[in-house]
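Novice:
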């Protein structure tokens, strides 16, 4: 293995790498099991016509994310650590940017990994991780490490991931999520360094099994995850007890072929109406979500792909039972557009058919265009992630249209990548007529990012 010797840290490292490109390294071919890799990303973004109440109508932000991952392999056992230095600058004091954008000098991962061989007489391989780690499962709609986030969720516990020789996958987790700190506005603006803490009042466990090429060349996945939440000192909660189960069938995109991704999710359990200590009434949860995608990739030229999409997530918290879907630790960038200063759409109280087009016009280039119609699943609940609500339902269900575009290119293959994108939320009647809807016009967003890898 190669030994990389680096001397820099934090935003100083970010600044140096953004100017110089890939880091200069001293390589010592000493056949040790040590390896190190990393990346630095700078992203500028701006938004206007903000849809969220109590947020600035316009906002802008410059953020940096520096990731450095080091590992030592002892032969079947390895130690891995990852440092995440996430910082943000220039945003408004009432900005929607928070701990997902700023989490300075955080040891995001630190775990012991044990390699697995055959399980139950089956040839295969896998790994057991013990410690702090990030994790994604299946489509990532319930449990994900999203690349858009500067500071993804991390967990303390055990993770088992095993894949058979034919491609079947068994994935099990039992963890406590970390609370991202600091969480107060002043400390976020100052990029204050404070270590995250594992939440003793929140537990998450479960797993998934994927059968490779189960039906017509498509993979079939079944999963179930349990989340248990309890109040702790200084942190009242809604005491969620949720069991989330799902079934997914998908076939990946390929030239000259149809692909599809169908996923249905049910959520059952109990939760309370408020976080008040006086609220001791557990209400039943009866929620659900679904994703349907059907695409075709043309075999020649730019190999363009066109796909029809449909997203659904239930929503209502005012009824005797809760039907608003809780997306837990799922990612939403792929299904619902950019987040950070933007991000009005999430997997909660939404109905959204759409169409997607992407292509690769040249080597190292790709682009994507997407259009989605937006409705509320429940007229009396807040729409998605906006907090805009009309408890009477008189403002209807039309949230408008969302349009998104993105282009990416490798300036230096595998070393330096540029990405630019924009999104528009053309507001429907609900987002203009609801009692707490800001009178700000349509929501517009643009960003430019540059990433270097070493």
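Residue numbers (the numbering used here): 52 to 505.
Beta carbons: idealized from backbone N, C-alpha and C, even for Gly.
(1) Using a Cβ-Cβ cut-off of 6 Å (strictly less than) and excluding sequence neighbours within five positions of residue 298, which residues of its own chain qualify?
(2) Distance check for residue 238 and residue 152, CA to CA, integer angstroms please.
(3) Secondary structure at residue 238, three-state DSSP: helix, strand or coil?
(4) Closest by CA to residue 336, which one among 366, 326, 357, 345?
(5) Please go through the same chain and pick out, in chain order, the residues whose beta-carbon is closer than 7 Å to the beta-carbon of residue 476, but skip the five residues on each side of it.
(6) Tell me whether the region 244 to 252 and the region 154 to 168 touch, counting them as touching only if at least three CB pairs, one residue from each stretch, are closer than 8 Å.
(7) Checking 7 Å against the spacing of the C-beta atoms, do residue 374 and residue 328 come in under that value?
(8) Could you check whether residue 192 and residue 207 sit closer than 7 Å to each other, using their CB atoms as the reference points?
(9) CA-CA distance, residue 133 and residue 160?
(10) Would a C-beta distance cut-off of 7 Å place residue 177 and residue 213 closer than the cut-off?
(11) Look at residue 290 and residue 319 and say whether their C-beta atoms are less than 7 Å apart.
(12) Nearest to residue 112 by CA position, among 136, 357, 393, 202, is which residue?
(13) Under 6 Å Cβ to Cβ from residue 317, same chain only, skipping five residues before and after it: list those, please.
(14) Measure the Cβ-Cβ separation of residue 147 and residue 95 and say whether it is below 7 Å.
(15) Going along the chain, which residues of its own chain have a beta-carbon closer than 6 Å to the beta-carbon of residue 485, five neighbours each way excluded?
(16) What would DSSP say about residue 384, mapped onto helix, strand or coil?
(17) To which residues does DSSP link residue 177 through a beta bridge?
(18) Could you check what DSSP says for residue 255 in three-state terms: helix, strand or coil?
(19) Ignore the nearest five residues each way along the sequence and tell me which others in residue 231's own chain have a CB closer than 7 Å to its CB.
(20) Smallest Cα separation from residue 260: which of 266, 275, 425, 368?
(21) Which residue wins for smallest C-alpha separation from residue 131, given the options 109, 118, 163?
(22) What three-state label does DSSP hand residue 115 in the structure shown?
(23) With DSSP collapsed to three states, give me the class of residue 505.
(24) Ends of the alpha helix (DSSP H) at residue 483?
(25) Taking the alpha-carbon of residue 371 as reference, which of 387, 142, 321 has the nearest alpha-carbon?
(26) If I'm right that residue 180 touches residue 210 with Cβ under 8 Å, what's the distance once you round it to whole angstroms?
(27) For a test of the three-state rule: what should DSSP assign to residue 267, helix, strand or coil?
(28) Below 7 Å between beta carbons: does that hold for residue 354 and residue 411?
(29) Please report how far the alpha carbon of residue 125 lies from the alpha carbon of residue 87, in whole angstroms.
(30) If you run the structure through DSSP and keep just helix, strand and coil, what is residue 157?
(31) Identify, in the order they occur along the chain, each residue of the same chain with its Cβ nearer than 6 Å to the Cβ of residue 345, setting aside the five sequence neighbours on each side.
(32) At the level of alpha carbons, what is the spacing between residue 471 and residue 388?
(33) Apart from the five residues on each side of it in sequence, which residues of its chain come closer than 6 Å, Cβ to Cβ, to residue 300?
(34) Have a look at 225, 402, 288, 219 and flag the residue whose alpha-carbon is nearest the alpha-carbon of residue 507.
(35) When you compare only the Cα positions, how much space is there between residue 236 and residue 141?
(36) Which first and last residues belong to the beta strand (DSSP E) in which residue 193 is found?
Specialist: Per the coordinate set shown:
(1) Answer for residue 298: 273, 315, listed in chain order.
(2) So the two alpha carbons sit approximately 12 Å from each other.
(3) Correct three-state label for residue 238: helix.
(4) The residue with the shortest Cα to Cα distance from residue 336 is 366.
(5) Contacts found: 102, 395, 451, 453, 493, 494.
(6) Touching, yes, given that three or more Cβ pairs across the two stretches are closer than 8 Å.
(7) The beta carbons of residue 374 and residue 328 sit no closer together than 7 Å.
(8) In this structure, residue 192 does not lie closer than 7 Å to residue 207 by Cβ.
(9) Rounded to whole angstroms, the gap between the alpha carbons of residue 133 and residue 160 is 5 Å.
(10) One thing to note: residue 177 has its Cβ within 7 Å of the Cβ of residue 213.
(11) Contact: no.
(12) For the residues 136, 357, 393, 202, the minimum Cα distance to residue 112 belongs to 393.
(13) Only 296, 339 meet the Cβ criterion.
(14) Judged by their CB atoms, residue 147 and residue 95 are not nearer to each other than the 7 Å cut-off.
(15) In chain order, 439, 441, 446 place their CB closer than 6 Å to the CB of residue 485, counting only its own chain and leaving out the 5 sequence neighbours on each side.
(16) Residue state, collapsed to three classes: helix.
(17) Paired residue(s): 167, 213.
(18) Looking at residue 255 - three-state DSSP - the assignment turns out to be strand.
(19) Leaving aside the five residues that flank residue 231 on each side, the residues in its chain whose CB is nearer than 7 Å to its CB run, in chain order, 150, 154, 202, 247.
(20) Distances from the CA of residue 260 to each of 266, 275, 425, 368 were compared; the closest alpha carbon is that of 275.
(21) Ranking 109, 118, 163 by Cα distance to residue 131 puts 163 first.
(22) In the structure shown, residue 115 sits in a strand (DSSP, three-state: E or B).
(23) Three-state DSSP puts residue 505 in coil, outside helix and strand.
(24) First-last of the alpha helix (DSSP H) with residue 483: 480 to 484.
(25) Measuring from the Cα of residue 371, the nearest candidate turns out to be 321.
(26) Contact between residue 180 and residue 210 holds, with the beta-carbon distance rounding to 4 Å and staying under 8 Å.
(27) If DSSP states are grouped into helix, strand and coil, residue 267 belongs with coil.
(28) In contact: residue 354 and residue 411 (Cβ atoms closer than 7 Å).
(29) Here the alpha carbons of residue 87 and residue 125 stand approximately 15 Å from one another.
(30) The three-state reading of DSSP puts residue 157 in strand, counting E and B together.
(31) Hits under 6 Å: 311, 359.
(32) Approximately 13 Å, taken between the alpha carbons.
(33) Excluding residues within five positions, the ones whose Cβ falls inside 6 Å are 269, 271, 313.
(34) Coverage of the chain is limited to positions 52 through 505, which leaves residue 507 absent and any answer about it impossible.
(35) Cα to Cα, the separation comes out at about 13 Å.
(36) Where residue 193 is concerned, there is no enclosing beta strand (DSSP E), because DSSP gives it neither an H nor an E.
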